[in-house]
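Before any comments, here is the structure.
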Amino acid sequence: MKKKHVLITGGAGFIGSNLVSDQLAKGHEVCVIDNLVTGRISNIESHLKNPALRFIQADIVECKNLSEVVEWADWIFHMAASVGQRYVLSHPVSTLSNNICSCEMILKAMSEFNPQARLLIASTSELYCKSRENLDGTVSEDAIISIHSENFLQDTYPVGKLVNEVMAQAFSYEKNLSCTVARIFNTIGINQTSAYGMVVPTFIKQALNHQPITVYGDGLQSRSFVDVRDTVRALDLLLENSASKGEIVNVGNDEECSILDLASLIKKKTNSPSEIIHLSYQEAYGVPFQDVRRRKPDLKKLKHLTGYQKHWTLEDTIDSILEQM
203 MKKKHVLITG
213 GAGFIGSNLV
223 SDQLAKGHEV
233 CVIDNLVTGR
243 ISNIESHLKN
253 PALRFIQADI
263 VECKNLSEVV
273 EWADWIFHMA
283 ASVGQRYVLS
293 HPVSTLSNNI
303 CSCEMILKAM
313 SEFNPQARLL
323 IASTSELYCK
333 SRENLDGTVS
343 EDAIISIHSE
353 NFLQDTYPVG
363 KLVNEVMAQA
373 FSYEKNLSCT
383 VARIFNTIGI
393 NQTSAYGMVV
403 PTFIKQALNH
413 QPITVYGDGL
423 QSRSFVDVRD
433 TVRALDLLLE
443 NSASKGEIVN
453 VGNDEECSIL
463 DLASLIKKKT
473 NSPSEIIHLS
483 YQEAYGVPFQ
493 DVRRRKPDLK
503 KLKHLTGYQK
513 HWTLEDTIDS
523 ILEQM
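Using the numbering used here, you'd call the opening residue of the sequence shown number 203 and step up by one each time.
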């Protein structure tokens with residue numbers, strides 16, 4: 203495999219840091235840009251002495267080295283974003299501004315300094331919050347996107363990501379850039395923090411501390427959790443395959459689990475005496491909140507483009523998280 207220069211924005215974040223480990227393991231040179239607002243230097247600390255890694259602590263919009271590292275890169279994974287329901291609901295302005303402006307800066311730098319690079323932009327399954335499901339309960343990339351929750355605070359994250367997608371398509375068309383958009387579903391695994399409301403690390407932390415495991419709503423809402431190692435492999439395969447150029451592709455796992463079943467599984471895996479309790483969304487977030495009852499990806503396009511198959515089950519992932527603690 204030819205050694206590549208790989209730029210990963212948000213490379214100290216959850217998925218980004220796992221991408222860093224993966225790309226370094228493949229023998230590539232990696233440059234990370236991260237402002238460490240939601241990312242953590244500890245996520246990549248084991249790689250900091252690796253001469254194949256360069257770390258730049260900076261906001262993308264203010265990064266003085268941006269043109270240089272974009273010009274250097276063969277591949278660009280744009281993972282940088284304000285994430286997590288708690289963070290998003292508390293910081294709607296910075297969420298919208300950061301997620302839109304950082305993507306625009308990458309696209310502009312790429313069009314000016316390195317139009318031959320391959321770019322993958324991380325988008326979100328939250329765009330499907332109002333989309334019609336297929337007969338098997340999945341949502342496809344061609345589903346109609348409709349964002350109109352009663353709470354505008356919730357919309358700042360998916361709206362910003364939708365703008366990213368449209369910008370990617372516009373730059374691809376007008377500047378002939380090679381962009382792929384990955385709509386990433388509920389990814390879990392090593393390096394994910396509970397600090398911003400992510401459900402699996404939150405439940406694990408509560409269970410290990412013998413605190414009540416707090417399920418929001420009735421707990422019957424379901425998600426299709428995917429191991430971060432599978433997500434990283436899918437993202438790598440998408441950039442490796444030139445047929446993904448210009449495509450929007452779901453990335454995730456099509457096996458569902460209810461939040462209540464997830465809480466019970468984590469309670470069992472940790473042998474915890476914690477009680478499972480229910481909170482209303484108003485109690486949980488302090489603002490009105492609309493949750494999606496079901497989120498399950500149609501993965502036919504991903505499998506067609508890359509031959510992707512998942513490797514890890516939900517239980518595998520929880521076991522690996524607990525082993526790392």
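We put the beta carbon where it would ideally sit given N, CA and C, even for glycine.
Going along the chain, which residues of its own chain have a beta-carbon closer than 8 Å to the beta-carbon of T326, five neighbours each way excluded?
-> So the list reads Y359, P360, K363, R385, I386, once near-sequence residues are dropped.
Can you have a look at H506 and say buried or exposed, based on whether 16 or more other CB atoms are within 10 angstroms of its CB?
-> With fewer than 16 other beta carbons inside 10 angstroms of its own, H506 counts as exposed.
Proximity below 9 Å, CB of V272 to CB of A311 | In contact: V272 and A311 (Cβ atoms closer than 9 Å).
Starting from D463, trace the alpha helix (DSSP H) both ways and give me its first and last residue.
-> Here the alpha helix (DSSP H) through D463 covers 461 to 471.
Can the beta-carbon of S284 be found less than 9 Å from the beta-carbon of V290?
-> Yes, these two residues count as a Cβ contact at 9 Å.
For Y418, I'd like the list of residues in its chain whose CB is within less than 6 Å of its CB, leaving aside the five on either flank, ordered along the chain.
-> When the five nearest sequence neighbours on each side are left out, the beta carbons in the same chain lying within less than 6 Å of the beta carbon of Y418 are those of L481, Y483, A486, in order along the chain.
For R242, which option in V453, E343, N393 has the closest C-alpha, if you only look at C-alpha atoms?
-> Comparing Cα-Cα distances from R242 to each of V453, E343, N393, the minimum goes to N393.
Cβ separation of S474 and N455, assumed to be a contact under 8 Å, to the nearest whole Å = Taking C-beta atoms under 8 Å as the contact rule, S474 and N455 fail to qualify, at a distance of about 25 Å.
Does the Cβ of D375 have 16 or more other Cβ atoms within 10 Å, making it buried, or fewer, making it exposed?
-> Here the sequence assigns Tyr to residue 375, which means Asp is not the residue at that position. Exposed, because fewer than 16 other Cβ atoms sit within 10 Å of the Cβ of Y375.
Under 9 Å between C-beta atoms of A409 and I468 = At a Cβ-Cβ threshold of 9 Å, A409 and I468 count as neighbours.
Mind checking who N452 pairs with in its DSSP beta bridge?
-> Answer is R385.
Between the stretch 249 to 258 and the stretch 402 to 416, do at least 3 Cβ pairs fall closer than 8 Å?
-> Verdict: no, contact absent.
For L322, name the three-state secondary structure that DSSP assigns.
-> Correct three-state label for L322: strand.
Around the Cβ of R497, are there at least 16 other Cβ atoms within 10 angstroms (buried) or fewer (exposed)?
-> With 16 or more other Cβ atoms from the protein chains shown falling within 10 Å of its own Cβ, R497 counts as buried.
Where does C305 fall in DSSP's three states?
-> DSSP, read as helix, strand or coil, puts C305 in helix.
4-residue-minimum alpha helix (DSSP H) runs that sit fully inside the stretch 258 to 307, ordered along the chain | 268 to 274, 287 to 292, all fully within the stretch 258 to 307.
Local conformation of E335 per DSSP, three classes | Looking at E335 - three-state DSSP - the assignment turns out to be coil, as it is neither helix nor strand.
Coil, strand or helix - H230 by DSSP | Coil, per DSSP.
Using the Cα positions of I217 and E264, report the straight-line distance between them to the nearest angstrom.
-> Using only the alpha carbons, I get a separation of about 23 Å.
Alpha-carbon to alpha-carbon, S380 and A445 | Each residue's alpha carbon lies about 10 Å from the other.
By Cβ distance below 8 Å, which residues in the same chain neighbour S333 in space, the five residues on each side in sequence not counted?
-> The answer, listed in chain order, is V341, A345, I346, I347, S348.
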